[in-house]
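Protein chains: 2
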Amino acid sequence: MTSASAPSAPRSRRQRDPLSTYDAILTAARDVMAERGPEALTVSEVAHRAGVNRGTAYRHFRTREHLLDAVKKWFAGELNRMLGEGGPTGARMDSLLEFLSEHREVARLWLFALLGDGSDSEYEGWQRYLGVVEGLAESDLAQDGIDAEMLARILVAATMVWSLWAPKLAGPDGDTRVHTKRFARELRRLLLFGVMRPERWPDLVSSLQDDIEHPQVESGGRNPRNRYGDKAWKS
Amino acid sequence: MTSASAPSAPRSRRQRDPLSTYDAILTAARDVMAERGPEALTVSEVAHRAGVNRGTAYRHFRTREHLLDAVKKWFAGELNRMLGEGGPTGARMDSLLEFLSEHREVARLWLFALLGDGSDSEYEGWQRYLGVVEGLAESDLAQDGIDAEMLARILVAATMVWSLWAPKLAGPDGDTRVHTKRFARELRRLLLFGVMRPERWPDLVSSLQDDIEHPQVESGGRNPRNRYGDKAWKS
DNA sequence: TTTCAGATCAACAACGTTGTTGGTTGATTA
DNA sequence: TAATCAACCAACAACGTTGTTGATCTGAAA
């Protein structure tokens with residue numbers, strides 16, 4: 002050290018408890034990161050929020066980057082849990098919405114990750130979720146010709162974004178539940194019935210059928226099973 | 002000034018052209034902001050990218066905050082244009098997707114804005130878009146009982162997120178168009194037919210109908226017109 | 001009770017950022 | 001051609017951030 006005699010006002014030193022200190026720092030980091038994004042995270046703010054000296058944060062996480070990684074790791078686990086949970090299909094959509102309403106920071110981190118440069122890092126939770134949608138698509142509970150992967154993406158994307166929209170629509174102290182109920186209802190309705198009356202959109206319908214005759218294969222992606230014309234719409 | 006005699010190597014001075022300098026700075030700022038988010042934007046990086054001295058940037062934009070505001074203003078106009086354009090419904094969805102594929106930075110800025118703290122700042126473009134969806138929902142081209150606002154949100158959310166997903170799925174130098182075509186197709190299919198076979202999900206169907214008898218009104222939001230049971234599904 | 005590993009912290013150096021200042025230079029006009 | 005004015009730029013001060021260092025304290029073991 003260099004100078005620094007005895008500090009005149011030795012600010013109450015944090016009680017010793019490494020584990021809970023670690024937790025406090027990680028939680029604070031998670032909050033900061035969810036609020037303002039990984040780019041905006043500073044160790045200073047995290048330490049301040051955790052009620053810890055900045056130096057202490059550096060003892061628990063070697064660098065700022067290590068801290069970010071720890072949060073991302075936590076987040077990945079949370080996302081897995083989230084996507085994996087819930088019964089099949091309908092119930093699963095609802096439980097996803099519910100989970101996200103209560104863990105908005107996960108949705109925020111998800112979007113920040115999407116905006117980040119990391120490659121998609123397909124979580125196993127996503128695979129499980131996708132598996133469920135595929136199972137549904139192939140069962141006779143669902144219609145024909147569904148592209149399960151794209152459908153799953155539509156559902157997850159809409160749900161994630163919704164969970165961030167809801168509080169803005171509800172206002173500063175409004176209740177998000179009413180809006181969320183409307184959202185969930187419209188989503189269910191969409192899944193059951195769609196939007197258009199197919200008989201009024203012959204062009205669109207035939208454009209879907211055209212895709213069969215000119216399939217877009219190549220490029221690794223899963224190949225949608227396109228078979229229309231049986232009883233996909235109406236009887 | 003203080004010291005600073007004659008600079009030994011007077012780096013080639015930028016040709017004088019205030020307007021294009023302004024543009025260069027604004028464009029660079031837009032790029033940086035779209036890439037790394039508003040929080041991560043520094044005037045230094047913007048000036049460097051624009052090939053301009055930092056001081057020059059400060060001549061055109063009084064502070065960093067003014068620069069951010071200018072980008073946001075530009076973005077709002079772009080978003081309006083985007084949501085406003087395109088024909089009705091199906092064609093509009095496609096044009097939205099197309100626009101976003103070519104202007105990914107708009108989608109990124111949109112998500113960053115969503116993650117930011119500004120209140121929703123409902124753009125007029127959004128109102129126009131919503132108006133179109135409402136028009137469709139009320140016409141006899143569409144099914145009954147659609148909650149137009151929520152449907153519009155589902156569509157916009159899925160599309161915005163997709164435009165950021167696509168390049169990640171395609172890989173570093175892959176072609177996004179194939180995947181995007183699949184996405185667009187599944188979206189159209191979803192709008193036409195939905196996913197489930199309603200006759201196999203009596204519980205879900207009746208839960209939608211229940212909403213009529215126990216309507217969720219209150220809280221300012223538009224009240225969905227729920228009337229089922231006529232010919233919403235099948236004939 | 002004494003000892004001591006390690007948890008906590010204040011201070012430091014190096015660096016990057018913001019916003020300001022005043023000198024330089026080029027285009028326009030008189 | 002000469003004067004003028006604004007665009008451009010280098011350097012500066014003030015500040016915040018990162019990562020490091022050594023002093024100090026504490027809980028638990030000896």
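These protein sequence lines are chains S and U, in that order.
Counting in the working numbering, the first sequence runs from 2 upward without gaps.
Counting in the working numbering, the second sequence runs from 2 upward without gaps.
Don't be surprised by glycine CBs; every beta carbon is placed ideally from N, CA and C.
Proximal residues, the stretch 145-159 of chain U versus chain S, C-beta separation under 7 Å
146, 147, 148, 151, 152, 154, 155, 158 and 159
For residue 162/S, would you say it is in contact with chain U, using Cβ-to-Cβ distances shorter than 7 Å as the test?
To locate residue 162/S, count along the first sequence from 1; it is residue 161. By this cut-off, residue 162/S is an interface position.
Can you tell me whether DSSP reads residue 107/U as helix, strand or coil?
Locating residue 107/U in the second sequence gives position 106, counting from the first residue. Residue 107/U falls in the helix class under three-state DSSP.
Applying the criterion that 16 or more other CB atoms from any shown protein chain within 10 Å of the CB defines a buried residue, is residue 129/S buried or exposed?
What you label residue 129/S is simply residue 128 of the first sequence in a count that begins at 1. The residue in question, residue 129/S, is exposed, as its Cβ has fewer than 16 Cβ neighbours within 10 Å.
Are any of the Cβ atoms in chain S nearer than 7 Å to that of residue 187/U?
Along the second sequence, read from residue 1 onward, the residue named residue 187/U stands at position 186. Taking Cβ atoms only, chain S reaches closer than 7 Å to residue 187/U, which makes this a yes.
Inter-residue CB distance, residue 93/U and residue 165/U (contact presumed, cutoff 8 Å)
Along the second sequence, one-based indexing puts residue 93/U at 92. Along the second sequence, one-based indexing puts residue 165/U at 164. That pair is no contact at about 20 Å.
Quick one: list the residues of chain U neighbouring residue 209/S, beta-carbon separation under 8 Å, in chain order.
The sequence position of residue 209/S within the first sequence is 208, counting from 1. The answer, in chain order, is 186, 189, 190 and 193.
Quick one, which residues of the stretch 27-49 of chain S are near chain U if we go by CB-CB under 7 Å, in chain order?
Within the stretch 27-49 of chain S, the qualifying residues are 37, 38, 40 and 41.
Residue 126/U - containing alpha helix (DSSP H), residue span:
Looking up residue 126/U in the second sequence gives position 125. Residue 126/U -> alpha helix (DSSP H) spans 125-139.
Which ranges would you report for the alpha helix (DSSP H) in the stretch 163-198 of chain S if only whole runs of at least 4 residues count?
177-194
Give the C-beta separation of residue 153/U and residue 134/U to the nearest angstrom, bearing in mind that I take them to be a contact with Cβ-Cβ under 8 Å.
On the second sequence, position 152 is the one that residue 153/U refers to. On the second sequence, position 133 is the one that residue 134/U refers to. The C-beta distance from residue 153/U to residue 134/U rounds to 4 Å, short enough to fall under 8 Å.
Take the Cβ of residue 22/S as the centre, count every other Cβ of all protein chains shown within 10 Å, and call the residue buried at 16 or more, exposed below.
Translated into the one-based positions of the first sequence, residue 22/S becomes position 21. Answer is buried; the Cβ neighbour count reaches 16.
Amino acids of chain S, ordered along the chain, whose beta-carbon sits closer than 8 Å to that of residue 77/U
As a first step, residue 77/U must be located in the second sequence, where it is residue number 76. Result: empty, since nearest Cβ-Cβ is about 16 Å, beyond 8 Å.
Spatially closest choice to residue 132/U from 86/U, 108/U and 198/U, by CA coordinates:
Start at 1 with the first residue of the second sequence, and residue 132/U comes out as number 131. Looking at the Cα atoms, 86/U is the closest of the given residues.
In chain order, what residues of the same chain have a beta carbon less than 6 Å from the beta carbon of residue 101/U, not counting five sequence neighbours either side?
Residue mapping note: residue 101/U aligns to position 100 of the second sequence, counting from 1. Only 108 and 164 meet the Cβ criterion.
Kindly indicate which residue of 190/S, 39/S and 209/S has the alpha-carbon position closest to the one of residue 111/S.
Working through the first sequence from its first residue, we reach residue 111/S at position 110. Among 190/S, 39/S and 209/S, the Cα nearest to that of residue 111/S belongs to 39/S.
If we ignore side chains and look at the alpha-carbon of each, how far apart do residue 82/S and residue 99/S end up?
As a position in the first sequence, residue 82/S is number 81, starting the count at 1. As a position in the first sequence, residue 99/S is number 98, starting the count at 1. Approximately 13 Å, taken between the alpha carbons.
Residue 68/U versus residue 27/U - alpha carbon distance:
Counted from its first residue, the second sequence places residue 68/U at position 67. Counted from its first residue, the second sequence places residue 27/U at position 26. C-alpha separation (whole angstroms): 7 Å.
Can you give me the Cβ contacts of residue 65/U inside the same chain, cut-off strictly under 8 Å, excluding the 5 residues immediately before and after it?
Here residue 65/U refers to the residue found at position 64 of the second sequence. The answer, listed in chain order, is 42, 43 and 44.
Using the beta-carbon count (16 or more within 10 Å), is residue 56/S buried or exposed?
Sequence index remark: in the first sequence, residue 56/S carries index 55 (1-based). Answer is exposed; the Cβ neighbour count stays below 16.
Once the 5 residues before and after residue 206/S are set aside, which same chain residues still bring their CB inside 6 Å of it?
Residue 206/S sits at position 205 when you count from the first residue of the first sequence. If we look at residue 206/S and ignore the five residues flanking it on each side, its Cβ neighbours are 199.
Since residue 30/U and residue 47/U should fall inside the 8 Å C-beta cutoff, what is the C-beta to C-beta distance between them, to a whole number of angstroms?
The residue given as residue 30/U occupies position 29 in the second sequence. The residue given as residue 47/U occupies position 46 in the second sequence. Residue 30/U to residue 47/U, Cβ: 5 Å. Contact.
For residue 74/S, does the count of other Cβ atoms within 10 angstroms reach 16, so buried, or fall short, so exposed?
By 1-based counting over the first sequence, the position of residue 74/S is 73. Exposed, by the Cβ-count rule.
Classify residue 183/S: buried if its beta carbon has 16 or more other beta carbons within 10 angstroms, exposed otherwise.
The residue given as residue 183/S occupies position 182 in the first sequence. Under this definition residue 183/S is a buried residue.
Determine whether the beta carbon atoms of residue 171/S and residue 158/U lie at a separation below 7 Å.
On the first sequence, residue 171/S is found 170 positions in, with the first residue counted as 1. On the second sequence, residue 158/U is found 157 positions in, with the first residue counted as 1. No, Cβ-Cβ distance for residue 171/S and residue 158/U is not below 7 Å.
Are residue 197/U and residue 193/S closer than 7 Å when you measure CB to CB?
Stepping through the second sequence from its first residue, residue 197/U is reached at position 196. Stepping through the first sequence from its first residue, residue 193/S is reached at position 192. Going by C-beta atoms, residue 197/U is nearer than 7 Å to residue 193/S.
Against chain U, does residue 196/S count as a neighbour if the rule is that its beta carbon must be under 7 Å from one of theirs?
On the first sequence, residue 196/S is found 195 positions in, with the first residue counted as 1. Closer than 7 Å to some Cβ of chain U, the Cβ of residue 196/S qualifies, so yes.
Between the CA atoms of residue 176/U and residue 187/S - distance to the nearest angstrom:
The residue labelled residue 187/S in the question sits at position 186 within the first sequence. The residue labelled residue 176/U in the question sits at position 175 within the second sequence. Cα to Cα, residue 187/S sits roughly 33 Å from residue 176/U.
Chain S contacts made by the stretch 103-119 of chain U, where a contact means CB separation under 8 Å
Only those residues of the stretch 103-119 of chain U whose C-beta falls short of 8 Å from the nearest C-beta of chain S are listed: 109, 112, 113, 115 and 116.
List in chain order: all unbroken beta strand (DSSP E) runs of 3+ residues lying wholly within the stretch 17-96 of chain U.
none
Straight-line Cα distance separating residue 33/S from residue 60/S:
Stepping through the first sequence from its first residue, residue 60/S is reached at position 59. Stepping through the first sequence from its first residue, residue 33/S is reached at position 32. Approximately 19 Å between the Cα atoms of the pair.
Let me know if residue 63/U comes out buried or exposed under the rule of 16 or more other beta-carbons within 10 Å of its beta-carbon.
Here residue 63/U refers to the residue found at position 62 of the second sequence. Counting Cβ neighbours within 10 Å, residue 63/U comes out exposed, since fewer than 16 surround it.
Measuring straight from C-alpha to C-alpha, what distance separates residue 118/U and residue 181/S?
Taking the first residue of the second sequence as 1, we reach residue 118/U at position 117. Taking the first residue of the first sequence as 1, we reach residue 181/S at position 180. Distance between the alpha carbons of residue 118/U and residue 181/S is about 20 Å.
Can you give the Cα-Cα distance for residue 18/U and residue 51/U, rounded to whole angstroms?
Residue 18/U sits at position 17 when you count from the first residue of the second sequence. Residue 51/U sits at position 50 when you count from the first residue of the second sequence. The straight-line gap separating the alpha-carbon atoms of residue 18/U and residue 51/U is approximately 13 Å.
Quick check on this structure: which residue in 103/S, 208/S and 204/S has the alpha carbon closest to the alpha carbon of residue 167/S?
Reading the first sequence from its first residue, position 166 is the one you call residue 167/S. Of the candidates 103/S, 208/S and 204/S, the one whose C-alpha sits nearest the C-alpha of residue 167/S is 103/S.
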